[in-house]
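Take any residue in the sequence shown, note its place counting from 1, add 362, and you have its number in the working numbering. The structure appears right after this line, and notes come after that.
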Amino acid sequence: MIEINKGKILNLSLLYLELPIALFFLFWCKWYISIAGILIIGYIHFFQSKANFKKTNNTIKINKKYLFLVLFIILIWCILGGQGNLYYQSSDWGCRNAIYKKMIFGTAPYYFEDGSFLSYYIGHWIVPSTISKIFIFLGLSKSIVWHIGNIILLLWTALGISLSFFLVAFYTKADKTFKIFLALLIFILFSGLDVIGLLIRNTGFSNHIEPWNIYYQFSSQTTQLFWVFNQAIPVWVGTLLFLQTDHIKFDVFIGALLILFSPLPIFGCFALILFKILFNYILKKDITRLFKEGFSIVNILSLVIALPLFLFIFSNTRSSGTAGVLFNLNIGGDSWYNWFMLIVFLIVEVYIYLLFVYKNNKKNYLFYAITITLPFIAAFRFGTSNDFEMRASIPLLTCLMLLVIKEVLGNIDYKNKQLLIQRRIVPLIFCLLIGAVTPFVEFYRGYSEVRTNHKINLTDESVTLHKDSINFVSPNYKDTKFAKYIGK
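So this is what it looks like as structure tokens:
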């Protein structure tokens with residue numbers, strides 16, 4: 363038997379987010395800012411993290427062969443999502459391959475010949491690309507280094523998912539082999555009931571069914587991995603770290619770390635913090651403690667870390683011509699039908715699950731954060747696409763998944779070779795099975811493309827980045843505030 367210690371998983375999870383940020387300060391920033399940023403991260407990790415997270419000796423005991431099986435399943439899930447460039451990749455992968463290739467073979471802060479520079483959510487690629495550079499110095503060819511780099515990215519992605527899953531296992535008390543695998547199954551297949559919405563709206567069935575509602579869209583676990591892994595995985599880790607404490611003394615630090623990975627989900631994290639404050643401070647009339655812990659040394663120092671990351675990310679305004687693309691506000695639709703479909707959307711994606719977990723969570727601030735915040739995230743759109751609702755919802759959907767897993771594990775057991783299921787949980791299991799149609803459609807799309815093209819590693823490595831790649835590249839690096847005050 364192997365014992366998985368919760369304290370060690372928490373420590374590794376923090377390092378998973380901290381290491382890329384430390385490397386960012388080292389390679390992107392002026393030397394004195396680099397030293398300050400790295401020292402702050404080191405101080406918080408080594409002298410503050412243990413004091414802020416609950417001391418715990420909690421362990422999960424699992425047979426070695428079953429642990430390897432869990433890790434193997436996670437690895438296969440990653441490969442099916444395109445990691446390692448070993449299998450079919452969704453259409454979003456073209457630009458992500460271009461970003462990763464630039465980060466391996468270029469030098470930070472990654473200029474282009476036209477004076478523009480790479481300004482995107484690059485956090486997830488920093489560690490793998492840095493390790494990959496070692497093989498360049500060893501004199502290996504670009505082709506070999508690229509293949510090695512993709513395997514390193516695969517392993518880094520699998521590590522993040524593994525850390526996320528074991529934090530889920532501890533939170534949901536998946537302390538038996540059967541419950542560990544059941545939790546893993548839900549972790550991979552969790553989704554809203556998109557197929558029901560598709561049938562209601564009478565939208566044609568396709569190989570990607572989540573956009574069944576033109577205005578509104580949330581993403582399943584598998585969809586997040588297959589399409590926006592670089593944003594989703596760090597946010598899973600960060601969200602689960604948020605939930606480790608009942609106080610807010612450490613929350614700004616986690617939020618600051620997430621900026622470089624994916625800024626939009628921070629809106630969802632902010633909602634979690636607000637409801638934590640409401641339930642754990644304001645309703646308890648503990649305002650003095652709120653100010654004391656809100657202005658903790660960790661939170662104050664975290665603002666110093668956040669500023670360079672913020673300036674880097676927002677040096678790319680994502681604007682084209684005279685109209686900015688990122689912060690144009692668009693509310694819902696322009697007819698009663700679109701608002702009606704918002705209600706349908708929220709029922710099949712969120713509220714159907716909340717109905718089943720209400721009884722055991724009516725005093726849990728997560729329940730109310732999900733219930734109240736997700737409708738606002740769905741109804742408000744920044745820009746011309748629905749990126750905001752798909753990304754800002756990730757932390758809250760992660761919390762919804764946690765409540766569902768905990769509810770299922772609390773009502774199912776396996777003893778004496780018998781499966782024991784409480785009757786009240788059967789409808790929830792039925793909903794999970796319907797929701798699982800979405801990830802299976804994602805799996806099938808890859809299989810179908812491989813079968814049609816008679817090739818397994820269907821990857822797009824033809825995309826190149828330039829000044830017109832407005833989502834990923836910022837023009838005129840030297841004119842940005844980041845370059846003037848922070849960057850090399």
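We put the CB at the ideal spot given by N, CA and C, even for glycine. Nothing here was measured: the structure is a model prediction, and the numbers come from that model.
So what does residue i bridge to, in DSSP terms?
| i | result |
| --- | --- |
| residue 812 | For residue 812, which the question treats as bridged, DSSP gives no partner whatsoever. |
| residue 423 | 365 |
| residue 476 | Per DSSP, none; premise fails for residue 476. |
| residue 391 | 849 |
| residue 836 | 479 |
Within 7 Å: the Cβ of residue i and any heavy atom of the ligand GDP?
| i | result |
| --- | --- |
| residue 660 | The model on display carries no ligand, and the ligand GDP is accordingly not part of it. |
Would a C-beta distance cut-off of 8 Å place residue i and residue j closer than the cut-off?
| i | j | result |
| --- | --- | --- |
| residue 628 | residue 671 | no |
| residue 794 | residue 758 | no |
| residue 718 | residue 801 | no |
| residue 560 | residue 797 | no |
| residue 705 | residue 403 | no |
| residue 462 | residue 487 | yes |
| residue 532 | residue 422 | yes |
| residue 471 | residue 846 | no |
| residue 899 | residue 765 | Nothing can be reported for residue 899, as the shown portion of the chain is limited to 363 through 850. |
| residue 603 | residue 616 | yes |
| residue 435 | residue 363 | no |
| residue 586 | residue 756 | yes |
| residue 483 | residue 624 | yes |
| residue 468 | residue 512 | no |
| residue 601 | residue 550 | no |
| residue 803 | residue 558 | no |
| residue 418 | residue 598 | no |
| residue 838 | residue 477 | yes |
| residue 787 | residue 770 | yes |
| residue 400 | residue 387 | yes |
Along the beta strand (DSSP E) that carries residue i, what are the first and last residues, could you check?
| i | result |
| --- | --- |
| residue 743 | 742-744 |
Output the boundary residues of the alpha helix (DSSP H) element that contains residue i.
| i | result |
| --- | --- |
| residue 597 | 583-604 |
| residue 700 | 698-708 |
| residue 455 | 455-467 |
| residue 725 | Looking at the DSSP string, residue 725 is not in any alpha helix (DSSP H), and its letter there is neither H nor E. |
| residue 406 | Per DSSP, residue 406 belongs to no alpha helix (DSSP H) and is neither H nor E. |
| residue 620 | 613-620 |
| residue 556 | 556-563 |
Contact between the stretch 631-649 and the stretch 568-581 (3+ Cβ pairs under 8 Å): Contact between the stretch 631-649 and the stretch 568-581 is absent: fewer than 3 CB-CB pairs across the two stretches fall below 8 Å.
Complete alpha helix (DSSP H) runs within the stretch 624-673 (minimum length 4 residues, chain order): 627-639, 649-656
The stretch 489-508 in contact with the stretch 713-732 per 3-pair CB rule at 8 Å: These segments do not touch.
The stretch 576-584 contacting the stretch 745-759, beta-carbon criterion three pairs below 8 Å: yes
Alpha helix (DSSP H) runs contained entirely in the stretch 492-554, provided each spans 4 or more residues: 504-533, 539-551
Ordered list of beta strand (DSSP E) runs contained in the stretch 732-792, each at least 3 residues: 742-744, 774-777, 780-783
Cβ contact (3+ pairs, closer than 8 Å) linking the stretch 643-652 and the stretch 760-774: No: fewer than three Cβ pairs fall under 8 Å.
Stretch pair the stretch 701-715 + the stretch 661-670: three plus CB contacts closer than 8 Å: no
Sufficient close CB pairs (3 or more, under 8 Å) joining the stretch 821-834 to the stretch 586-604: no
The stretch 474-493 contacting the stretch 452-462, beta-carbon criterion three pairs below 8 Å: At 8 Å Cβ cutoff, the stretches touch.
Touch test, the stretch 373-380 against the stretch 407-415, Cβ-Cβ under 8 Å, three pairs minimum: yes
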